[in-house]
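The structure appears below as structure tokens.
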Amino acid sequence: MKSVVIGTAKKEKSLLLFLKNDLGLSSSLIKKAKRIENGILVNGEQKFTNENVKCGDKVEITIQTADEKSENIPLCDLPLDVVFEDEYLLIINKDGEIPTHPSLNNYDKSVGGAVLNYYKKQGENFVFRPVNRLDKGTSGLMVIAKNPHIHELLKKSLHSLDFEREYLAVVCGSLQGCGRIDEPIFRQDKSIIKRVVDKRGAKAVTNYEVLENYDDKTLVKLKLETGRTHQIRVHLSYIGHAVYGDYLYGETARDINRPALHSYKIILTHPITKQKMNIEIPLKDDIKKILE
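Numbering (the numbering used here), first residue to last: 799 to 1090.
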């Protein structure tokens, strides 16, 4: 798989500095492009990186990943709900019951395996590079980068105005109004999975807004300022309103077999086109049913 990153010079400088500073490319990607025929072009002509670019010059660099592949991710023939795709990004609507990566009890079924299989059917090698990783049990929008350059740019933009994420959750009990939970999260002692609010932990901030109250549960909208493992689930449990069906931080439920948590909205500045993307998807059917 390959893609082309295009930029326009705003002032005179060396081509190497333009590639590194303006396009944000790593030294290793620039070296790879040098080995590709017409891998680095200025106004359609191949150039050396020690040459200068002038204001208005169009620069194109080819990022080639055909020789790369993800290791230790078994292919699985699961359907992908593709919401958006271009040569740089893949955005899917993740099934809540499938983990992002292979895990001990779900080694043969993962989002990574499904994505690799999706591209294998198209005759392409692919490296699985998720940008926002969703827990097993969490459904919804998930962004996957198609090359290491895009992955790095998007990871840098997480939790900024260039990459905003919002979630919907059904929580236990009657939560009211809106609020901001600013509590550090730490791995629980003697556990490799569970997290807790603990002053030894990393800063974590979750904003919530109540959308609707039901008899014994509440539909809540959430927006993250940080991205800690299990952050939403830990914070909501901490304030006494665990995510409904959350077996780890609350209680299991008879009418849903996962935490009722859904990544429903992403506002993203495309790292190459700079287009503002506002993508929103509805709740999954299993969460809708518990609100009926």
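Beta carbons: idealized from backbone N, C-alpha and C, even for Gly. For clarity, every value in this text was computed on a predicted model and none was experimentally measured.
Helix, strand or coil at residue i according to DSSP, with G and I counted as helix
{"i": "ILE834", "result": "coil"}
{"i": "TYR1006", "result": "strand"}
{"i": "ASP980", "result": "strand"}
{"i": "LEU888", "result": "strand"}
{"i": "GLY911", "result": "helix"}
{"i": "SER825", "result": "helix"}
{"i": "LEU932", "result": "coil"}
{"i": "HIS1060", "result": "strand"}
{"i": "LYS856", "result": "strand"}
{"i": "LYS997", "result": "coil"}
{"i": "GLU950", "result": "helix"}
{"i": "SER812", "result": "strand"}
{"i": "LYS1082", "result": "coil"}
{"i": "GLU959", "result": "Going by the sequence as given, residue 959 is Leu instead of Glu. Reduced to three states, the DSSP call for LEU959 is coil."}
{"i": "ILE871", "result": "coil"}
{"i": "LYS988", "result": "coil"}
{"i": "ASN850", "result": "strand"}
{"i": "TYR917", "result": "helix"}
{"i": "LEU1089", "result": "coil"}
{"i": "LYS944", "result": "coil"}
{"i": "LEU1066", "result": "strand"}
{"i": "ASN1076", "result": "strand"}
{"i": "LEU939", "result": "strand"}
{"i": "LEU966", "result": "strand"}
{"i": "LEU876", "result": "coil"}
Beta-carbon proximity check, residue i vs residue j, cutoff 8 Å
{"i": "ILE859", "j": "LEU887", "result": "no"}
{"i": "VAL803", "j": "HIS947", "result": "yes"}
{"i": "SER801", "j": "LYS944", "result": "yes"}
{"i": "ILE1085", "j": "ILE1054", "result": "yes"}
{"i": "LEU1017", "j": "GLU1010", "result": "yes"}
{"i": "LYS743", "j": "ILE838", "result": "Summary: the structure shown does not reach residue 743, with the chain confined to residues 799 through 1090, and so no result is reported for it."}
{"i": "HIS949", "j": "ARG927", "result": "yes"}
{"i": "TYR1045", "j": "SER1035", "result": "no"}
{"i": "GLY805", "j": "LEU821", "result": "yes"}
{"i": "GLN974", "j": "VAL1008", "result": "yes"}
{"i": "LEU827", "j": "ILE861", "result": "yes"}
{"i": "ARG1056", "j": "GLY935", "result": "yes"}
{"i": "PRO1069", "j": "LEU959", "result": "no"}
Same chain, Cβ closer than 7 Å to residue i, five either side skipped, listed in chain order
{"i": "THR1027", "result": "ARG993"}
{"i": "THR1024", "result": "HIS957, LYS1001, ALA1002, VAL1003"}
{"i": "SER1088", "result": "At residue 1088 the sequence reads Ile, which differs from the Ser that was named. Excluding sequence neighbours, ILE1088 sits near VAL968, TYR1042, ASP1053, ILE1054, ALA1058."}
{"i": "GLY977", "result": "TYR1006"}
{"i": "ASP933", "result": "HIS1028"}
{"i": "LYS997", "result": "PRO982"}
{"i": "ASN848", "result": "SER812, LEU814"}
{"i": "LYS808", "result": "CYS853"}
Cut-off 6 Å between Cβ atoms - residues of its own chain near residue i, not counting five sequence neighbours on either side
{"i": "ASP980", "result": "VAL1003"}
{"i": "LEU1066", "result": "PHE961, MET1075"}
{"i": "SER812", "result": "ASN850"}
{"i": "GLY971", "result": "HIS1039"}
{"i": "ASN836", "result": "GLN844"}
{"i": "ILE1064", "result": "LEU939, ARG963, ILE1077"}
{"i": "ASN904", "result": "PRO897"}
{"i": "SER955", "result": "PHE961"}
{"i": "VAL1032", "result": "ILE983, ARG993"}
{"i": "VAL995", "result": "GLU981, TYR1036"}
Residue i CB to nearest heavy atom of the ligand NAP below 7 Å
{"i": "ARG1056", "result": "In the structure on display, the ligand NAP does not appear, and there are no ligands present to speak of."}
Same chain, Cβ closer than 8 Å to residue i, neighbours up to 5 away in sequence not counted
{"i": "TYR1062", "result": "GLY938, LEU939, GLU964, TYR965, LEU966, GLU1078, ILE1079, PRO1080, LEU1081"}
{"i": "SER825", "result": "LYS818"}
{"i": "CYS874", "result": "ASP906, LYS907, SER908, GLY911, ALA912, ASN915"}
{"i": "VAL881", "result": "ILE889, ILE890, ASN891, LEU939, ILE1077, ILE1079"}
{"i": "GLN1073", "result": "THR1067"}
{"i": "ILE871", "result": "HIS899, PRO900, SER908, GLY910, GLY911, LEU914, PHE926"}
{"i": "GLU810", "result": "ASN850, VAL851, LYS852, CYS853"}
{"i": "ILE942", "result": "LEU887, LEU888, ILE889, ILE890, VAL913, PHE926, ARG927, PRO928, VAL929"}
{"i": "GLU1090", "result": "none"}
* Asked: Do three or more CB pairs link the region 842-857 to the region 885-900 at distances below 8 Å?
  -> no
* **Uninterrupted alpha helix (DSSP H) stretches inside the region 1002-1057 (no shorter than 4 residues)** => 1029-1036
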